[in-house]
Amino acid sequence: MADWLNSVKEAQGTQFDLQGAVFEIRQGYKSQDSKRAKGDIVNGSHALNSAYQMFVMVMSMQIPNAIRNRYERSNICVMTGNLQDDNPLTSTYAFFRQVVGYDLAGFFERNSQVFRDQTHAILTSILETQ
1 MADWLNSVKE
11 AQGTQFDLQG
21 AVFEIRQGYK
31 SQDSKRAKGD
41 IVNGSHALNS
51 AYQMFVMVMS
61 MQIPNAIRNR
71 YERSNICVMT
81 GNLQDDNPLT
91 STYAFFRQVV
101 GYDLAGFFER
111 NSQVFRDQTH
121 AILTSILETQ
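In structure tokens:
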């Protein structure tokens with residue numbers, strides 16, 4: 001973890017040692033949610049003032065460029081669910097594989113049918129007329 005934090009510090013050009021990282025985890029963005037982004041930026045500023053680097057960790061690839069750029073201009077790192085990206089600073093799945101030591105993509109692959117079945121059962125029970 002210390003090596004990864006040093007890589008973050010170097011990539012961000014941070015002039016002080018980082019104590020750790022803070023993660024805001026999202027499935028994805030379907031819109032230009034400026035209210036959510038504003039809150040994240042405030043949280044990111046507070047985190048950095050306490051020597052923690054904030055990351056927005058997106059599980060999918062779904063994030064508008066305008067939102068991504070806004071985060072990055074505010075010194076918030078963005079990770080996306082790009083399975084082809086092997087950089088643990090920019091890929092959610094590379095981070096889990098290389099830094100955490102867990103194959104998160106494999107977890108989703110192994111359990112995708114269970115997730116589908118449970119989602120289908122829940123939606124069926126909600127939408128079923130009696």
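Take the sequence shown: its position 28, counting from 1, is numbered 28 in this note's numbering, and each next residue is one higher.
For each residue, glycine too, the CB sits at the ideal point set by N, CA and C.
- Within the region 5-62, the complete alpha helix (DSSP H) segments of 4 residues or longer fall at 34-49, listed in chain order.
- Where VAL114 is concerned, the enclosing alpha helix (DSSP H) starts and stops at 104-127.
- Bounds of any beta strand (DSSP E) do not take in VAL99, whose DSSP letter is neither H nor E.
- Per DSSP, ASN69 is one residue of the alpha helix (DSSP H) stretching across 65-73.
- Judged by their CB atoms, SER50 and GLN19 are nearer to each other than the 9 Å cut-off.
- The Cβ atoms of ILE41 and ARG68 lie no closer than 9 Å to each other.
- By the neighbour-count definition (other C-beta atoms within 10 Å, threshold 16), THR80 is a buried residue.
- Residue burial is scored here from C-beta neighbours: GLY44 has at least 16 other C-beta atoms within 10 angstroms and is therefore classed as buried.
- At the C-beta level, GLN84 and TRP4 stay beyond 9 Å of one another.
- In the DSSP assignment, MET1 falls outside any beta strand (DSSP E) and carries neither an H nor an E.
- Taking C-alpha positions only, GLN12 is separated from SER74 by approximately 11 Å.
- For the pair CYS77 and VAL100, the CB atoms are not nearer than the 9 Å cut-off.
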